[in-house]
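Chemist: The structure is given below, and queries will be raised subsequently.
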Amino acid sequence: MASNGNRDTARERYETREYDVLIVGAGGAGLRAAVAATENGLSVGIVTKSLLGKAHTVMAEGGIAASLGNVDPADGWQTHFMDTMKSGKFINNWRTAEIFAKEAPDRVYELEQWGALFNRTPEGKISQRPFGAHTYRRLCHVGDRTGLELIRTMQEKVLATDAEVYMETTITKLLKSGDRVVGALAYTRENGKFIHFKAKAVVMATGGWGRIFKVTSNSWEGTGDGVVLAYDAGAELVDMEMMQFHPTGMVWPPGVRGLLVTEGVRGEGGLLRNSEGDRYMENYDPERMELSSRDVVARANYTEVQEGRGSPHGGVYLDITHLGYDGIMNKLPTMHEQFLKLADIDISKEPMEVFPTVHYTMGGIKTDPETGASNVPGLFAAGEVAGGLHGANRLGGNSLSDLLVFGRRAGEGASAYVKESVHSSDIAEGEVLTEIGRVLEPLKKQGEGESPYLMQQELQEAMMEHANLMRTGDSLKEGLGKVLGLKDRLANMKVQGSRLFNPGWHTAQDIRYLIQISEIIIRTALERTERRGAQWRLDFDGPDDELGRVNFIVKKDEQGEVGIQKREIPPMPEHLASLFEDKVVDMAGGEKRGAESQF
Ligand SMILES: Cc1cc2nc3c(=O)[nH]c(=O)nc-3n(C[C@H](O)[C@H](O)[C@H](O)COP(=O)(O)OP(=O)(O)OC[C@H]3O[C@@H](n4cnc5c(N)ncnc54)[C@H](O)[C@@H]3O)c2cc1C
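In case it helps, this note's numbering puts the sequence shown at residues 1 to 599.
And the structure:
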């Protein structure tokens, strides 16, 4: 169990807490990892920079993908696996995708047993709705509030364990002894007190980094802390160039630009039209139309607006009026409320205006599919902060099942590691004090200094301009120059006020992550000289066969710079490769959809 202690030092006071497993993040991945570790009889600390019950997971709307076959009995893990790989343009880790597709149904049923109340079919089974590029109706959902139900259920489950939760507490550094991660340093957001967490293993579950862009569906929490903390500790990252632009974010009023319009709208039959009234998806993916993969629909929406066929506020029209008021209130109540309250639009009577918004990060910490282990001993990762499952494009609904499948595996993996390890989690006190000093620097700076808010704004604008959903080498290079300029200015950051309730000070921590991730994304986007999924280089004609066989791996080099290497993807074993032959698809009894759109 946890042991608490207090220490005084000449320079700074901090507390020490000790756990077998420290989990950073209380979204779906972190909470599922916590359940697994407590079931192994280990002491667990969970740290979240917001409140328990918040996190991005709570915002998830459309549903959780798992091949239960409740509505389309022909569905099975094989088809889910194939859809995931095809959508990821085959740079996914195939073993990760195989585990995922096989285990997702168990995790959904487990969630149901733990109390989640899903929408039902007339026969009383968990209902499943269609979503883009899923061959079958596969998304289990709770209206359009699936994430809320997931978090509510997981939260109750975790609160019934001995895990201890630290809310509004931000981790700033992973602490190492030799090459092992043995804890982390944190500060409390309310009053700036420092805590040294000692831990035999750390599970990183900090979510994504949409906040590097100005227009995003992500909340303030999406600053990518975990991926940079892991990178600084020596972890390998994968597919960092792959950022998902969701095709449909709100465009009006300006204050809510980027807020998500769930893919559930298109899943329930929503139609996309341009200002000329055309269902333009016919020109981009005539087979799958509005239910094409997200990368294709996002580019289509973007192109329609660029070519002058946009709506008055710079979007395209998404029409769900055919469902009528009752249908919408049953399937999409949040969307109805969101548009009525924020834009004064009744979506049962009028179409919505939508445009792509930065939504999800396919790349992240490279992990072992079986255990969630990174290449750094003692460091595990799960959820959106981890990379590998989704390749070049994530399918809608695949994140929530990812959180549960690999949250559980990371919790199990960390537990096995803890049980086998004999090392101590002590480190030299000087390391803790050095980090505390670094975190306090912006508050102590004398004279003139840079505002973290203005730097954040500059960064977000630079990323919008230079690393958007269609990219060129020249523009990326220009963007890199701006990002590196901001990096140089970090040391000069200054924050007014004290440590008490000081959002400026919190932003000063975040901006370091945002800048580092932006640099990594631009550098890897420069290396992937092709069009593949979310990485769409306008200065190249299409996919490159050679690059289709590699991942770009990022690791901090000995000079502290971004090191990038191409790493060959191992060939898919026969039992998986053979699934892509037509006969196997037909054996599953399914209607095979048309070829992937090359747009
Ligand atoms: C609006 C919206 C709708 C979505 N809808 C769907 C959907 O229908 N289906 C689907 O599959 N996916 C959906 N997604 C994606 C999905 O919700 C996320 O990918 C997923 O919830 C991420 O879960 P996570 O556990 O990895 O991280 P999160 O839920 O983002 O949680 C991250 C946690 O880490 C904590 N944290 C971060 N940094 C630190 C730090 N330095 N110190 C301490 N704590 C830290 C945060 O406070 C938080 O508790 C949606 C996303 C959004 C934004």
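Heads up, the beta-carbon is just placed ideally off N, CA and C, and yes, glycines get one too.
These numbers come from a predicted model, not from an experiment.
1) Following a CB-centred definition, is Met362 positioned closer than 7 Å to any heavy atom of ligand 1?
2) Between Leu318 and ligand 1, is the CB less than 7 Å from at least one heavy atom?
3) Straight-line CA distance for Thr206 to Arg294?
4) Does Val584 come out as helix, strand or coil in the three-state DSSP assignment?
5) Is the shortest distance between the beta-carbon of Ala382 and the beta-carbons of chain D less than 8 Å?
6) What does Trp536 pair with, by DSSP beta-bridge criteria?
7) Which value, in whole angstroms, describes the spacing of the CA atoms of Ala2 and Arg17?
8) Can you find the residues in the same chain that come closer than 6 Å, C-beta to C-beta, to Tyr417, ignoring five residues on each side of it along the sequence?
9) Going by DSSP in three states, Gly76 sits in which element: helix, strand or coil?
10) Could you tell me if the beta carbon of His390 falls within a distance shorter than 7 Å of some heavy atom in ligand 1?
11) For Phe81, name the three-state secondary structure that DSSP assigns.
12) Using C-beta distances below 7 Å, list every residue in its chain close to Arg97, excluding the 5 sequence neighbours before and after it, in chain order.
13) Taking 8 Å as the cut-off, decide whether the C-beta atoms of Val24 and Ile171 are in contact.
14) Less than 7 Å between the CB of Thr173 and some heavy atom of ligand 1, yes or no?
15) If you measure between the beta carbons of Met362 and Arg394, is that distance less than 8 Å?
16) Identify the continuous beta strand (DSSP E) that holds Gln496 and give its terminal residues.
17) In whole angstroms, what is the alpha-carbon distance linking Gln456 and Ile511?
18) State yes or no: is the C-beta of Val47 nearer than 7 Å to some heavy atom of ligand 1?
19) Leaving aside the five residues before and after Trp114 along the sequence, list all residues of the same chain whose C-beta is less than 7 Å from its C-beta, in chain order.
20) Can you tell me where the alpha helix (DSSP H) holding Asn551 begins and where it ends?
21) Spatial neighbours of Val562 within its chain, please: C-beta separation below 8 Å, excluding the five flanking residues on both sides.
22) Look at the Cβ atom of Gly387, then the Cβ atom of Lys366, and state whether they are nearer than 8 Å.
23) Would you be able to state if there are at least three C-beta pairs under 8 Å between the segment 247-266 and the segment 571-583?
24) Does the beta-carbon distance from Phe406 to Gly372 come in below 8 Å?
25) Any heavy atom of ligand 1 closer than 7 Å to the beta-carbon of Leu260?
26) Closer than 7 Å to a non-hydrogen atom of ligand 1 - does that hold for the CB of Ala199?
27) Leaving out the 5 sequence neighbours to the left and right, which residues in its chain are closer than 8 Å to Thr9 when beta-carbon positions are compared?
28) Would you mind giving the Cβ-Cβ distance between Val181 and Ala233, rounded to the nearest angstrom? I have them listed as a contact below 8 Å.
29) Tell me the DSSP bridge mates of Leu185?
30) By how many angstroms is the C-alpha of Leu579 removed from the C-alpha of Ala588?
31) Alpha helix (DSSP H) containing Met335: first to last residue?
32) In the DSSP assignment, find the unbroken beta strand (DSSP E) run with Ile436 in it and report its ends.
33) May I ask you to list the residues that DSSP assigns as paired with Lys366?
34) Just checking, does the segment 102-109 make contact with the segment 66-80 on the three C-beta pairs under 8 Å criterion?
35) Does DSSP put Ala14 in a helix, a strand or coil?
36) Hey, would you say the C-beta of Asp225 is under 7 Å away from at least one heavy atom of ligand 1?
Modeler: Concretely, from the data shown:
1) Flag unset: Cβ of Met362 not near ligand 1.
2) Placement of the Cβ of Leu318 at a distance of 7 Å or more from every heavy atom of ligand 1 is found.
3) Answer to the nearest angstrom: the Cα atoms are 23 Å apart.
4) Because Val584 carries a pLDDT of 43, less than 50, the predicted location of this residue cannot be relied on, and the following value inherits that uncertainty. Val584 falls in the helix class under three-state DSSP.
5) Protein chains in the displayed structure number just one, and chain D is not present.
6) DSSP lists Arg531 as the bridge partner or partners of Trp536.
7) Confidence at Ala2 is low in this model, with a pLDDT of 35, below 50, so its placement is unreliable and the value that follows should be read with caution. Distance from the CA atom of Ala2 to the CA atom of Arg17, rounded to whole angstroms, is 7 Å.
8) Excluding sequence neighbours, Tyr417 sits near Ala201.
9) Gly76: coil per DSSP, three-state reduction.
10) No, ligand 1 has no heavy atom inside 7 Å of this Cβ.
11) In the structure shown, Phe81 sits in a helix (DSSP, three-state: H, G or I).
12) Per the sequence presented here, residue 97 reads as Ala, with Arg not at that position. Exclusion of the five residues before and after Ala97 leaves Phe81, Thr84, Met85, Leu389 as the residues of its chain whose Cβ lies within less than 7 Å of its Cβ.
13) Yes; because the gap between Cβ atoms is below 8 Å, this pair is in contact.
14) The sequence shown places Lys at residue 173, not Thr. For Lys173, the shortest C-beta to heavy atom distance toward ligand 1 is 7 Å or greater.
15) In terms of Cβ geometry, Met362 and Arg394 form a close pair [threshold 8 Å].
16) No beta strand (DSSP E) contains Gln496, which DSSP labels as neither H nor E.
17) So the alpha carbons of these two residues sit roughly 6 Å apart.
18) At least one heavy atom of ligand 1 sits closer than 7 Å to the Cβ of Val47.
19) Only Thr153, Lys157 meet the Cβ criterion.
20) Not the alpha helix (DSSP H): Asn551 falls in the beta strand (DSSP E), residues 550-556.
21) Contacts found: Glu519, Ile520, Arg523, Val554, Lys556.
22) Yes.
23) As far as the Cβ criterion goes, the segment 571-583 does not touch the segment 247-266, which means the pair count is below three.
24) Result yes, Cβ atoms of Phe406 and Gly372 sit closer than 8 Å.
25) Using a cutoff of 7 Å, the CB of Leu260 counts as near ligand 1, since one of the ligand's heavy atoms is closer than that.
26) Between ligand 1 and Ala199, a heavy atom-to-CB distance of less than 7 Å is absent.
27) With a pLDDT of only 43 at Thr9, under 50, the local geometry of the prediction cannot be trusted, and no value is derived from it.
28) That belief holds up - the Cβ atoms of Val181 and Ala233 are roughly 6 Å apart, short of 8 Å.
29) According to DSSP, which records beta bridges pairwise, Leu185 is partnered with Lys173, His196.
30) Here Ala588 scores only 31 on pLDDT, less than 50, and its place in the model is too uncertain to base an answer on.
31) Residue range 333-343 is occupied by the alpha helix (DSSP H) that includes Met335.
32) It is not in any beta strand (DSSP E) - Ile436 instead sits in the alpha helix (DSSP H) that spans 429-444.
33) Its beta-bridge partners are Gly387.
34) Pairwise C-beta distances place the segment 102-109 in contact with the segment 66-80, as three or more of them are shorter than 8 Å.
35) The amino acid occupying residue 14 in the given sequence is Tyr; Ala does not appear at that position. Of the three classes helix, strand and coil, the one that applies to Tyr14 here is strand, per DSSP.
36) Because some heavy atom of ligand 1 lies under 7 Å away, the Cβ of Asp225 counts as near it: yes.
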